[in-house]
Structure formats: structure tokens, C-alpha cells
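Read through the structure below, which is laid out as C-alpha cells, and then see the notes.
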Amino acid sequence: MSLKEEVNNMVFSGSATISDLVTDKAIITSGTCAIQGNLECNGFRSSGTLHGIGNILTHKNFASSGTIKLEGEIECEGNAKFSGSAKIYGNIVIKRSLISSGILNLNGPLKVGLEALSSGTTKCDSLLVNGLLSVSGSVNALEVKAGDGIKSSGSLSVTKDIDSSKFVDITGKLKAGGNIYGDSVLIDYSRKEKILRFNNFHYFVSGNINAKDLVSINRTLVEGDIRGRSVIIERYSQVNGTIYYVDDYIIDDKAKISNPPVQIKLEDL
Numbered sequence: 001m002s003l004k005e006e007v008n009n010m011v012f013s014g015s016a017t018i019s020d021l022v023t024d025k026a027i028i029t030s031g032t033c034a035i036q037g038n039l040e041c042n043g044f045r046s047s048g049t050l051h052g053i054g055n056i057l058t059h060k061n062f063a064s065s066g067t068i069k070l071e072g073e074i075e076c077e078g079n080a081k082f083s084g085s086a087k088i089y090g091n092i093v094i095k096r097s098l099i100s101s102g103i104l105n106l107n108g109p110l111k112v113g114l115e116a117l118s119s120g121t122t123k124c125d126s127l128l129v130n131g132l133l134s135v136s137g138s139v140n141a142l143e144v145k146a147g148d149g150i151k152s153s154g155s156l157s158v159t160k161d162i163d164s165s166k167f168v169d170i171t172g173k174l175k176a177g178g179n180i181y182g183d184s185v186l187i188d189y190s191r192k193e194k195i196l197r198f199n200n201f202h203y204f205v206s207g208n209i210n211a212k213d214l215v216s217i218n219r220t221l222v223e224g225d226i227r228g229r230s231v232i233i234e235r236y237s238q239v240n241g242t243i244y245y246v247d248d249y250i251i252d253d254k255a256k257i258s259n260p261p262v263q264i265k266l267e268d269l
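Using the working numbering, read the sequence shown as starting at 1 and increasing by one per residue.
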């Protein structure tokens, strides 16, 4: 083991083992590092291989550009960045923002206090974001909730519900096993997807879509109902449930609906 203490950092390089440790410094690891016990520090950065059993608590930022395999939890009171490969057998709690461009796989919920940007591959039980969730990579989760909106141009696969206090804007691939909630729910396809395919449907919603304002779907199969102030059903879409609208609706001639649209009151949304 090589250990070099500096003013603000504790640096572990080569082959190292870190047992229970509490420090007011930042921990930096490179090479191969094993964890045996819990770590508490003011910043954590790993660029090599990190494995072991224990929890990591950092009062500042967390960054991983290498490989992590950890049986424990990660709690970060600053910003977090994952650009390598991480397998976490526990929860991840990030008080500020998350940027994930690598492979992030955890057996537990992923909680983010501010915004989350996922351009890599993320798999978790629940993805809970207080701010904006932006997906340009792949997200596979049991449920997804975001306070300031959900914008996905990548692949979003959710077993249960997708829920936002603001908008849900999907231009990438979508597979929703539950309901979708939002002020506005927009399901469309990007220009790159405007080509003929053997499968007409590009988006699948097994449950209902519920919006306080606008619902707009294109090339989407909805097994349940749709509720919105205004509803737009564009071409190659199919709704097997009932469309409930407050103000108005537009249904393309090439769309399929199972039941006539039903007008409701605003308070019934």
C-alpha cells in the first residue's frame, strides 16, 4: 500500500485496503483499492478499481471514473459523477446534482436532490429526482419520479409509474408498465425515428396517462385511459382505454381508439 497525505487529500495508490476511516480530508484512490468498513470524508474520487463492504459518506463531491463494486450505500452531500462502471448493492443518496455517463447499476433506490443527467446506462429500483431528470442514454427502473420535469431522448424502461410535478417529454424509446403523471405529457418521436418500421408502435404505456394540461402522443400504444385538458392523438397511435378531455381533442385519421372521447370537468382531472 502506498499512502500519501497532503493538506486536503488522502491519496491511496497501487494496492490498498481502507478499513473504517473518518477524516476531514478528501479520499482519492487509484489502482486497486479494497474497502473494509465505513468511510466518512470531505470528498471522494476513484479512478481505479474499488471493491469491498461498507458505506461511503462524503460531505462534498463524489466522482468515479473506474470500476466500483460495493456492498453498501453511498451518500454524497455535494455533486456526484459516474463515468466508469459501478455496481452498488445498496442505496445512493445525492444531495445535489448527478451526472452519469458510464454504467450505474444498484440494488436499491437512487435519490438525487437537484437535477440528474444520465447519458450512460442506469439501472435501479427507484429513481427519485427533486429537480429535472434528463435521459439521453438508457434508464431501467422500477419507478421514476422527478419534481421539475422528465426529458428523455434515450431509452426509458419503467416497470411501474412515471411521475412528474411538471412535464414529461419523451422523444426516445419508452416502455412504461404503469401510469404516467405530469402537467403535460408529450410522447413523440425524434426526426431520426421518422422512418418506416415493421412495428408501427415506438412507445408502449401499459397503464394510464394523466396530465393537468396537454397530452400529445405519436406512434404510441396506450393500454389504459388518457386524461388531459387537451388531448392530441397523432398518427399510428392506439388507445385501448377511454380518452377524457376538458377543452378539446384532436385525433388523427390514422390513429385507433376503442371508445369515443368523453368530455369531463376540470376538477375531474
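Here a beta-carbon is modelled for each residue, glycine too, at the ideal position from N, C-alpha and C.
Quick caveat, the model's predicted, so the values are computed rather than measured.
- Annotated three-state conformation of D268 is helix, per DSSP.
- When rounded, the separation of the alpha-carbon atoms in L133 and V144 is 9 Å.
- Under DSSP, the beta-bridge partners assigned to V93 are E75 and K111.
- Distance between S19 and D268, taken at the CA atoms: about 57 Å.
- With a beta-carbon spacing of about 5 Å, G177 and S206 fall inside the 8 Å limit used to define contacts.
- Taking 3 residues as the shortest admissible run, the region 134 to 158 contains the following complete beta strand (DSSP E) segments, listed from N- to C-terminal end: 138 to 146, 150 to 152 and 155 to 158.
- Here the C-alpha atom of N55 lies approximately 39 Å from the C-alpha atom of S184.
- The beta-bridge partner set that DSSP reports for L132 is empty.
- Out of V22, E115 and S101, the CA that lies nearest to the CA of I94 is found in E115.
- According to DSSP, N259 shares a beta bridge with no other residue.
- DSSP, reduced to helix, strand and coil, places T242 outside both helices and strands of the structure shown, so it counts as coil.
- For E40, the enclosing beta strand (DSSP E) covers residues T32 to C41.
- Look at H51 here: in three-state DSSP terms it is strand.
- Taking C-beta atoms as the reference points, E75 and H59 fail to come closer than 7 Å.
- Residues of the same chain with a CB within less than 6 Å of the CB of L186, apart from the 5 flanking positions on each side, are D169 and S216 in chain order.
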